[in-house]
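S.K.: Have a look at this one before I ask anything.
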Amino acid sequence: MGRTIGLSTPLHGVPRLSLRALLRSWTQAATLVAPLPRAAPAWDVFVYNVYFTSFALALVYLYVTALQVAPASSLVPGVVLAGVLSASVVSTYALLAAVMPRLGGDYVYVGEVLGPSLGFLASWNWVVWLSFWVGFGGYTFSAVGLRGWAIALALATGRADLLALAKALGRPDVAFLVGTGVVTGFGVLVSLGMRTFFRVQRWSFVLAAVSVGLTALALATEDANTFARRLDGAALSLLGVPGVYAAVAKGSSAQAASGSALNVVPAAFLVLPWTIGSAFIGPEVRDVRRTQPLGMLVALLAVTATAAVLGHLLVRAVGPSFLVGLASGAGERVGIPLRPYLHEVAFLSLGGSWPLAVAAIGYLCLGWMYVGQNVINSARVLMAWARDGLVPPRWAEVHPRLHVPCRATWAVVAAGEVFLALVCFAPSVHLLSSILALSLSAGLACLSAVVLPLRRPELLRGVAARTVAGVPLLALVGGVGLVVLSYVDLRYLVDGRYGANNLESLLAVAVVLAAGPAYRRWASGRWSRSP
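FYI, the numbering for the sequence shown is 35 to 565, going by my numbering.
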């Protein structure tokens with residue numbers, strides 16, 4: 035395994051630059067190499083990990099999937115159970131990040147123990163799929179986030195022009211233009227440095243918390259009868275469609291799922307075990323051996339509790355039959371544009387346009403700040419690759435004042451833009467699921483944790499070295515995580531309702547996995563290693 039960057043210095047004030055000076059600075063001064071600063075205290079790491087789950091966006095798919103595989107009564111127990119099981123995976127990453135606080139995440143964690151080939155494969159998987167999610171985030175910002183807000187506002191206010199806006203936001207050309215602005219905007223934000231990014235992250239999290247609070251309050255003060263009257267009145271006034279609620283709820287009778295809370299676990303794994311974003315930025319985290327475990331595990335607790343509470347309130351306020359019917363497509367069949375997405379249904383309960391607007395802004399923060407983090411994390415992996423001669427060495431260069439790997443950052447933005455175009459204009463790409471690929475990388479990290487005490491015992495220290503029945507804690511949580519991921523992946527493979535085993539997804543995962551070793555063979559020795 036080659037060297038990775040682990041340098042750090044205290045972050046001094048970043049000078050204020052004009053736009054012209056900033057652009058000139060990016061293109062000229064970035065040829066100098068500067069260390070990455072330890073800019074992330076515990077609070078920022080916590081928020082970073084919450085956002086890395088793309089929480090509000092991922093909840094859309096969690097609830098919809100869960101209602102297709104289990105009765106609504108199993109939603110909350112299943113989410114809680116998934117949170118408990120996810121702790122093994124998150125703890126594995128937290129302890130690996132504490133014992134190997136270097137740049138690149140799985141590239142280091144897997145490569146140092148299982149070998150450079152598997153380390154590269156795990157990190158290649160992450161870079162490709164995180165870049166895909168950059169593009170997917172640009173698309174869904176328009177087609178899911180803004181469109182859902184417009185639909186809810188149209189139904190709440192009776193304005194047909196907002197319904198037309200919602201339809202436009204779902205068009206590929208509009209989504210591409212909006213998505214390009216989102217992807218490019220996050221590229222600019224990341225290029226301003228981690229100190230600026232964390233400042234924006236903190237303030238956006240305040241808005242996100244307000245949004246969650248408003249949504250929870252609206253759902254807590256609603257019941258199914260009140261919601262039915264509200265929806266029926268809005269649909270009749272705006273669309274001329276009577277009796278919508280009963281028609282949708284009636285459509286659930288043939289779609290009601292059976293099963294236990296265990297069926298919800300794979301759906302919840304779309305969200306919960308991914309509070310591990312800070313694993314990629316180890317050298318930039320302060321007091322890494324304390325902050326990484328705390329930031330990851332508290333973030334897991336927060337997203338599990340929030341997902342469970344909002345799920346309970348949603349089922350109670352809207353009614354399980356209506357939700358199941360909406361998830362089965364009954365809304366489209368009766369002629370309303372409402373989709374089984376948390377924000378569309380919950381925002382309708384907010385009523386007034388001002389609370390709805392505030393909640394929508396916070397929801398967009400909670401659902402799409404991850405785009406910037408995907409850019410950051412992928413760029414850090416590219417830096418580690420550059421130091422090992424697997425990409426151009428200039429991609430490891432860090433701006434001396436902004437402390438940003440500018441070339442690596444914009445390489446990821448460019449890849450995200452390519453994926454955005456594919457998502458917008460190639461409908462089959464919408465079917466892709468990355469969960470099997472990411473679970474594979476996480477499984478390799480868990481396997482590395484199991485093997486590390488045998489192959490690299492000198493790395494064991496601190497909490498990771500403590501033993502339970504003679505087994506190091508790191509190996510224990512890694513083993514449990516490996517078993518949990520194996521169970522979840524098996525469910526993904528055998529049950530098509532989770533959306534992971536369609537032909538398009540399986541082919542995409544296979545192509546990415548095959549391309550990784552091929553690229554490594556091609557790139558090895560192509561660029562000279564750093565002295």
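Even for Gly, the Cβ is constructed at its ideal location relative to N, Cα and C.
I need the DSSP call for S255, collapsed to helix, strand or coil.
M.R.: Going by the sequence as given, residue 255 is Thr instead of Ser. Note: T255 maps to coil in three-state DSSP.
S.K.: Given that a residue counts as buried once 16 or more other Cβ atoms are within 10 Å of its Cβ, and exposed if not, what is R525?
M.R.: By the 10 Å Cβ count, R525 comes out buried.
S.K.: By Cβ distance, which residues of its chain are closer than 6 Å to V405, with the 5 residues on each side in sequence left out?
M.R.: Cβ within range, chain order: V168, G171, F220.
S.K.: In whole angstroms, what separates the C-alpha of L189 from that of L527?
M.R.: The straight-line gap from Cα to Cα measures roughly 39 Å.
S.K.: Whose C-beta lies closer than 6 Å to the C-beta of V240 among residues of the same chain, with five residues either side of it excluded?
M.R.: Excluding positions up to five away in sequence, the list is empty.
S.K.: Among V392, R495, W402, which has the Cα closest to the Cα of R323?
M.R.: Of the candidates V392, R495, W402, the one whose C-alpha sits nearest the C-alpha of R323 is R495.
S.K.: Tell me the DSSP bridge mates of V319?
M.R.: Partner(s): A74.
S.K.: Which residues does DSSP pair with V505 in a beta bridge?
M.R.: Per DSSP, V502.
S.K.: To the nearest angstrom, how far is the alpha carbon of T65 from that of L416?
M.R.: Residue confidence for T65 is low, a pLDDT of 40 falling below 50, so the modelled location carries little weight and cannot support an answer.
S.K.: Around the Cβ of N259, are there at least 16 other Cβ atoms within 10 angstroms (buried) or fewer (exposed)?
M.R.: Looking at its Cβ environment, which holds fewer than 16 other Cβ atoms inside 10 Å, N259 is exposed.
S.K.: Which runs of the alpha helix (DSSP H) spanning at least 4 residues fall entirely within the stretch 477 to 539, listed in chain order?
M.R.: The stretch 477 to 539 contains these whole alpha helix (DSSP H) runs: 507 to 528.
S.K.: Could you tell me if S520 is buried or exposed, where buried requires 16 or more neighbouring beta carbons within 10 angstroms of its beta carbon?
M.R.: Result: exposed.
S.K.: Suppose you measure from the CA of E431 to the CA of T249; what does that come to, to the nearest Å?
M.R.: Cα to Cα, the separation comes out at about 44 Å.
S.K.: Going by the DSSP bridge assignment, what does L248 pair with across the sheet?
M.R.: Answer by DSSP bridge pairing: none, since L248 is not bridged.
S.K.: In angstroms with no decimal places, state the Cα-to-Cα distance between L347 and R441.
M.R.: Going by the C-alpha atoms only, they are around 45 Å apart.
S.K.: Within the same chain, show all residues whose beta-carbon is closer than 8 Å to that of V275, passing over the 5 residues directly before and after it, in chain order.
M.R.: For V275, where only same-chain residues beyond five positions count, the Cβ hits under 8 Å are A269, V368, G369, I370.
S.K.: Which two residues bound the contiguous alpha helix (DSSP H) that contains N411?
M.R.: It spans 404 to 421 - the alpha helix (DSSP H) in which N411 sits, taken as one unbroken run.
S.K.: Run through DSSP, which three-state label would L424 get?
M.R.: Note: L424 maps to coil in three-state DSSP.
S.K.: V67 to D422, Cα distance in whole Å?
M.R.: Note that V67 scores a pLDDT of 40, beneath 50, so its modelled location is shaky; the value from the coordinates is reported in the next line. Distance between the alpha carbons of V67 and D422: 16 Å.
S.K.: With DSSP run on the structure shown, which of helix, strand or coil describes L137?
M.R.: Here L137 sits in strand by DSSP.
S.K.: Would you identify the three-state DSSP class for S362, choosing helix, strand or coil?
M.R.: Coil.
S.K.: For V133 and L164, I'd like the C-alpha separation in whole angstroms.
M.R.: Roughly 24 Å separates the two Cα atoms.
S.K.: Taking all protein chains shown into account, decide if F166 is buried (16 or more other Cβ within 10 angstroms of its Cβ) or exposed.
M.R.: It is buried - the Cβ of F166 has at least 16 other Cβ atoms within 10 Å.
S.K.: Mark L53 as exposed unless 16 or more other C-beta atoms lie within 10 angstroms of its C-beta, in which case mark it buried.
M.R.: Only weak support exists for where L53 lies, its pLDDT of 49 falling under 50; the coordinates are left without a value.
S.K.: In the DSSP assignment, find the unbroken alpha helix (DSSP H) run with E378 in it and report its ends.
M.R.: Where E378 is concerned, the enclosing alpha helix (DSSP H) stretches over 376 to 384.
S.K.: When DSSP labels each residue in this structure, what does V275 get in the three-state scheme?
M.R.: In the structure shown, V275 sits in coil (DSSP, three-state: anything other than H, G, I, E or B).
S.K.: So, using beta-carbon positions, are A104 and F303 closer together than 9 Å?
M.R.: No. Outside cutoff.
S.K.: What's the C-alpha gap between A156 and L96?
M.R.: Going by the C-alpha atoms only, they are around 25 Å apart.
S.K.: Give the straight-line distance between the Cα atoms of A336 and R229, rounded to the nearest whole angstrom.
M.R.: So the alpha carbons of these two residues sit roughly 24 Å apart.
S.K.: I need the boundaries of the alpha helix (DSSP H) containing E451, first residue and last residue.
M.R.: Segment 440 to 459, the alpha helix (DSSP H) holding E451.
S.K.: Assuming W561 and P427 form a contact by the criterion Cβ under 8 Å, report the distance between their Cβ atoms to the nearest whole angstrom.
M.R.: Between P427 and W561 the Cβ distance is about 6 Å, and since that is below 8 Å, they are a contact.
S.K.: Return the Cβ separation of F232 and A74 in integer angstroms, given the expectation that the two are a contact with Cβ distance under 8 Å.
M.R.: Confirmed, about 7 Å.
S.K.: Report back the beta-carbon spacing between C458 and A209 to the nearest angstrom; my notes put them in contact at under 8 Å.
M.R.: Contact holds; Cβ gap of about 5 Å.
S.K.: Excluding the 5 residues flanking N536 on each side, which residues of the same chain have their C-beta closer than 6 Å to its C-beta?
M.R.: Around N536: L465.
S.K.: Three-state secondary structure (DSSP) at A288?
M.R.: For A288, the pLDDT reaches just 48, beneath the cut-off of 50, and the residue's location in the model is therefore unreliable, leaving the point undetermined.
S.K.: Indicate whether L130 and L508 have their beta-carbon atoms separated by less than 9 Å.
M.R.: In contact: L130 and L508 (Cβ atoms closer than 9 Å).
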